[in-house]
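Protein chains in written order, with numbering that gives the first Met the number 0: chain A, 0 to 374; chain B, 0 to 88. Even for Gly, the Cβ is constructed at its ideal location relative to N, Cα and C.
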Amino acid sequence: MRFVDEFRDAEKAQALSAQITALCEPGRTYRFMEVCGGHTHTIYKHGLEDYLPETVSLVHGPGCPVCVIPMGRLDDAIYIAERDDVIMTSFGDMMRVPGGKGSFFDSKAKGADIRMVYSPLDSLKIAKDNPDKRVVFMAIGFETTAPSTAMTVLRAKADGLQNFSIFCNHVTIIPAIKAILDSPDMRLDGFLGPGHVSTVIGCKPYEFIARDHQKPLVCAGFEPLDILASIYQLMVQLKEGRCEVENQYTRVVPWDGNLKALQVINEVMELRPYFEWRGLGFISHSALKVREAYAAFDAEQIFNIPGIRVADPKACQCGEVLKGVIKPWECKVFGTACTPETPIGTCMVSPEGACAAYYNFGRFTRERVKEATRA
Amino acid sequence: MCLGIPGEVTELLDRPDLAKVNVNGVRRAINIGLLEGENVQPGDWILIHVGFALSKIDEDEAAAALAFLEGVGQSYKDELDALAASSIE
């Protein structure tokens, strides 16, 4: 496993660091939110905060889809999974996430047929191979995975499958960013836009951030240099008094997104009036549900789910972490009662959750960056 | 699940939305239906999310994405293991 001392292009990083420092105005502090959990991971892994002047800080955002699933939703999924005629299928990331009554793994240990899959298409295969069972796919993720789920539903329909459905928990990134911008305890100077989500939605949906909230946003890649370069672009905009949406990750992100992906999402799914996000509460039009035309593939309609609501554990401060109000290590249970082995909150479960990323790497970075830069 | 994994298309399959792709030495069928109109051909690099190609990339970007993934460590390994067990059709 690589650590910061093996940082590629450390010289280029130092150069960007110097350019960022040169743009800092005296007496001003800068707070930028990285929306995506993948960015959080890179930042901690490579100790990027140590390349920034003390007046520039990074705030970790809500962009980890595993982390924002409320406990009640997982309990509903387990309710479906524990039926005798059901095979529940899920991405591995979801298996250890604790609901009010345990996780998928706990439920599986008690006898429920819950299987890890790589792709929703693998769920479809399981449905074809088990015609006497009802196979449900636990659909989670932002716009990065929603097109795959939609394509799978279209395939199921084309193949005439009658024993396949999805439990749709897809969320959309824009309303979450809006909720953060409207949050009274939040002061931000700009955003690093999520890389892969933007591959699908493009850059245009972020324009309201610049126009209505006067904050710049730069869509950023996942390499350490991508993130430093994007911070530099944000700093240049602020220096020049501009607030625009820019695309640093042009290698992958087209300005208009992936139109085919957007089209299939829109064919199969529509916005819910509201959806509960862990830590952020109910947010209007922030998640997708299956359209009526595809009701035969909607687990929510097929199974009479209880619609469980569970309050987040009192000790857990995932909500504040997701909104960037506190840093992971400022949570009361961080690293003591809550660790990746025995997570209380979702931010500690997913490797892209801010808490797990900091737990795994952050503790080492400061010393290691000093070592690396001394060499 | 969130990781975008680069792979090199090695063969187009009978169905227009499927291609055989080499991902870190593992060859699997990947759905290329979201790249409709992009004329995906053997030798092209694609970025794959949960069994679907979301974008065509060049070889340099594939190398950059791999460097990122290797840094991710365990969850990249888990994703590759999951891919190896996958049987998309």
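In this model, leucine 180 of chain A and proline 69 of chain A are separated by some 21 Å (Cα to Cα). Closest in alpha carbon position to threonine 20 of chain A, among A:His38, A:Ala295, A:Asp49, A:Val65, is A:Asp49. In terms of Cβ geometry, isoleucine 343 of chain A and alanine 314 of chain A form a close pair [threshold 8 Å]. As a beta-bridge residue in DSSP terms, asparagine 168 of chain A pairs with A:Ile139.
Using a Cβ-Cβ cut-off of 9 Å, aspartate 13 of chain B is close to nothing in chain A; its nearest Cβ partner there is about 15 Å away. For tyrosine 273 of chain A, the nearest beta carbon of chain B is not closer than 8 Å to its own beta carbon. With a threshold of 8 Å between beta carbons, glutamine 40 of chain B makes no contact with chain A. Isoleucine 87 of chain B has a beta carbon lying within less than 8 Å of a beta carbon in chain A. Segment contact: the segment 177 to 196 of chain A against the segment 148 to 166 of chain A, fewer than three CB-CB distances shorter than 8 Å; contact not assigned. Residue burial is scored here from C-beta neighbours: aspartate 225 of chain A has at least 16 other C-beta atoms within 10 angstroms and is therefore classed as buried. Of all residues in the segment 135 to 160 of chain A, only Gly140, Thr143, Thr144, Pro146, Ser147, Met150 place a beta-carbon less than 7 Å from a beta-carbon of chain B. In this structure, arginine 95 of chain A keeps its C-beta atom at 8 Å or more from the C-beta atom of valine 309 of chain A. In the assembly as shown, threonine 249 of chain A is an exposed residue. Its beta-carbon has fewer than 16 other beta-carbons within 10 Å. In the structure shown, histidine 212 of chain A adopts helical secondary structure according to DSSP, grouped into three states.
Close to threonine 198 of chain A, with beta-carbon spacing below 9 Å, are these residues of chain B in chain order: Gly3, Leu46, His48, Leu53, Ser54. Within the model, the alpha-carbon separation for asparagine 21 of chain B versus leucine 22 of chain A is close to 44 Å.
With respect to chain A, the C-beta atom of glycine 24 of chain B has no partner C-beta closer than 8 Å. Your pair serine 16 of chain A and leucine 51 of chain A checks out as a contact, with CB atoms roughly 7 Å apart and the cut at 8 Å. With the rule of 3 Cβ pairs closer than 8 Å, the segment 167 to 187 of chain A counts as touching the segment 130 to 143 of chain A.
When secondary structure is reduced to three states using DSSP, serine 16 of chain A falls in the helix class. In the DSSP assignment, the residues bridged to threonine 88 of chain A are A:Arg114, A:Phe136. Close to chain B, meaning a Cβ-Cβ distance shorter than 9 Å, are the following residues of the segment 29 to 56 of chain A: Cys35, Gly36, Gly37, His40, Thr41, Lys44, His45. Remark: C-beta atoms of glycine 323 of chain A and valine 65 of chain A do not approach each other more closely than 8 Å. Below 8 Å, enough C-beta pairs join the segment 56 to 70 of chain B and the segment 0 to 11 of chain B to call them touching: three or more.
Shown in chain order are the members of the segment 106 to 118 of chain A whose Cβ falls below 9 Å from a Cβ of chain B: Met115, Val116, Tyr117, Ser118. Per the coordinates, the alpha-carbon of leucine 12 of chain B lies some 12 Å from the alpha-carbon of glycine 32 of chain B. Secondary structure of serine 56 of chain A (DSSP, three-state): strand. For alanine 52 of chain B, the enclosing beta strand (DSSP E) starts and ends at 51 to 56.
Exclusion of the five residues before and after tyrosine 205 of chain A leaves Gly192, Leu216, Val244 as the residues of its chain whose Cβ lies within less than 7 Å of its Cβ. The C-alpha of serine 229 of chain A lies about 41 Å from the C-alpha of phenylalanine 296 of chain A.
The Cβ atoms of phenylalanine 103 of chain A and isoleucine 77 of chain A sit closer than 8 Å to each other. Counting along the chain, valine 20 of chain B sits inside the beta strand (DSSP E) bounded by residues 17 to 22. At a cut-off of 8 Å between beta-carbon atoms, aspartate 121 of chain A makes contact with chain B. Beta-bridge pairing by DSSP links lysine 109 of chain A to no other residue. Taking C-beta atoms as the reference points, serine 74 of chain B and proline 97 of chain A fail to come closer than 8 Å. Residue pairing of histidine 40 of chain A in beta bridges, as defined by DSSP: absent, with no partner found.
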